[in-house]
Amino acid sequence: MSDTPLVTYKGNCHCGAFQFSFNTPEIKTTTTCNCSMCSKVRSIVAAVDMQAHTKIQTGYMWAAFRGDENFKILKGDESALTTYNFGKGLLTHKFCATCGTSILARQKDPSLSNGVSLLVNIRTVTDGIDFAALEPGFVFNGAAIGDPYQEPAHVPIPDGADTPENAVVYHGACHCGDVAYTMQNPGKITSAMECNCSICWRDAGVWVYPKTSYFTFRGVPDAVTEYTFGNGVTFHAFCKKCGVAMYERFLWEPFADKTAVSVRTIEGLKMADIEVEKWDGRTHKGLYVCPA
Numbered sequence: 058m059s060d061t062p063l064v065t066y067k068g069n070c071h072c073g074a075f076q077f078s079f080n081t082p083e084i085k086t087t088t089t090c091n092c093s094m095c096s097k098v099r100s101i102v103a104a105v106d107m108q109a110h111t112k113i114q115t116g117y118m119w120a121a122f123r124g125d126e127n128f129k130i131l132k133g134d135e136s137a138l139t140t141y142n143f144g145k146g147l148l149t150h151k152f153c154a155t156c157g158t159s160i161l162a163r164q165k166d167p168s169l170s171n172g173v174s175l176l177v178n179i180r181t182v183t184d185g186i187d188f189a190a191l192e193p194g195f196v197f198n199g200a201a202i203g204d205p206y207q208e209p210a211h212v213p214i215p216d217g218a219d220t221p222e223n224a225v226v227y228h229g230a231c232h233c234g235d236v237a238y239t240m241q242n243p244g245k246i247t248s249a250m251e252c253n254c255s256i257c258w259r260d261a262g263v264w265v266y267p268k269t270s271y272f273t274f275r276g277v278p279d280a281v282t283e284y285t286f287g288n289g290v291t292f293h294a295f296c297k298k299c300g301v302a303m304y305e306r307f308l309w310e311p312f313a314d315k316t317a318v319s320v321r322t323i324e325g326l327k328m329a330d331i332e333v334e335k336w337d338g339r340t341h342k343g344l345y346v347c348p349a
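With the working numbering as the guide, the letters of the sequence shown map in order to residues 58 to 349.
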């Protein structure tokens, strides 16, 4: 048994309905996964084998556990979380139905993942992890498991739609396909904004801000939940079924006529091909405090 000391981390969904703690060696490394779900949310993995304290091959921005003995629910009920499965249904993703925060996942057959049965999203941890200093680790080839992912059907552009000059058409969708859009962007997307505020960080938000009139949506508003907090002038929308963060809607200038969409949901767009600008929303919007 390793003598590596354990660190207690506390996490929560953004609205605070589900809160928990977990014990693990200090999280210093990350691993990425290229499966269809991780590609939609672009999460990073901090994977820890709780028996041998070695990195394992897994997906998302997770801390990984063999069993629940180092995981404790402090508030809320896991059964109240929304569950989502896809493919062979081997991994059940769970997210908060109110704020959309991806919280954890359960492995149906731990023997397929080196004994790991529980994955906890470390994006939910507010303090104690130096994310900027995390070292890159193993890239898990989740895309090679099961049948290739099929992108959801495209949303047709209606006659008379507002079309900007030099329009470039982009298609986007959540993972399950209940929510999708076609965007006529004024030119090729070459840059996007990454925000580290309390909600965008949990959603892995990297955004572009075209005019709302350039979009045609499917599944809005019926298939989305819009979550707001603070002064209630920005609404964060996620798919009710799979939990993927889709867009932001604004009631304030200069964004009232714009809709921000997560570039992670845009079909065929590679993050390596765009310049990602950083916005320190965490400082700008004040220090986040988990609701009691």
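Every residue gets a Cβ at the ideal spot worked out from N, C-alpha and C, and that includes glycine.
Taking a cut-off of 8 Å on C-beta distances, the segment 127-139 touches the segment 58-74, as three or more cross pairs fall below it.
Under DSSP, residue 336 forms a beta bridge with 252. Taking every protein chain shown into account, the CB of residue 247 has fewer than 16 other CB atoms within 10 angstroms, so this residue is exposed.
Judged by their CB atoms, residue 259 and residue 321 are not nearer to each other than the 7 Å cut-off.
Straight-line spacing of the CA atoms in residue 283 and residue 276 works out to 13 Å. Taking the C-beta atoms as reference points, residue 93 is found no nearer than 7 Å to residue 238. In this structure, residue 300 and residue 128 do not form a Cβ contact; the two beta carbons are roughly 20 Å apart against a cut-off of 8 Å. Going by beta carbons, residue 240 and residue 334 fall outside the 7 Å limit. Counting only residues of its own chain and dropping the five nearest sequence neighbours on each side, residue 285 has a CB closer than 8 Å to the CB of 291, 292, 293.
Positions of the beta strand (DSSP E) runs, each at least 3 residues long and wholly inside the segment 169-231, are given as 175-178, 192-197, 224-230 in order along the chain. With contacts defined as CB atoms closer than 7 Å, residue 186 and residue 84 qualify as a contacting pair. Looking at the backbone, the Cα of residue 67 and that of residue 79 are separated by about 7 Å. With contacts defined as CB atoms closer than 7 Å, residue 149 and residue 155 fail to qualify as a contacting pair. Spatial neighbours of residue 332 in its own chain (CB-CB distance under 6 Å, excluding positions within 5 residues in sequence) are listed in chain order as 248. Here residue 345 is not near residue 315, since their CB atoms are 7 Å or more apart. Secondary structure in the segment 256-322: the beta strand (DSSP E) runs of 3 residues or longer, each lying completely within the stretch, are 263-265, 272-275, 281-284, 291-296, 302-307, 316-319 in chain order.
The alpha carbon of residue 166 has as its nearest neighbour, out of 120, 176, 69, 252, the alpha carbon of 176. Shown here, residue 71 sits in coil according to DSSP, grouped into three states, outside any helix or strand. DSSP places residue 167 in the helix class (H, G or I) of the three-state scheme.
By DSSP's assignment, residue 130 forms a beta bridge with 77.
Taking a C-beta distance under 7 Å as the contact criterion, residue 118 and residue 231 do not qualify as a contact pair. Between the alpha carbons of residue 162 and residue 122 lies a distance of about 11 Å. Secondary-structure assignment with DSSP links residue 236 through no beta bridge to anything.
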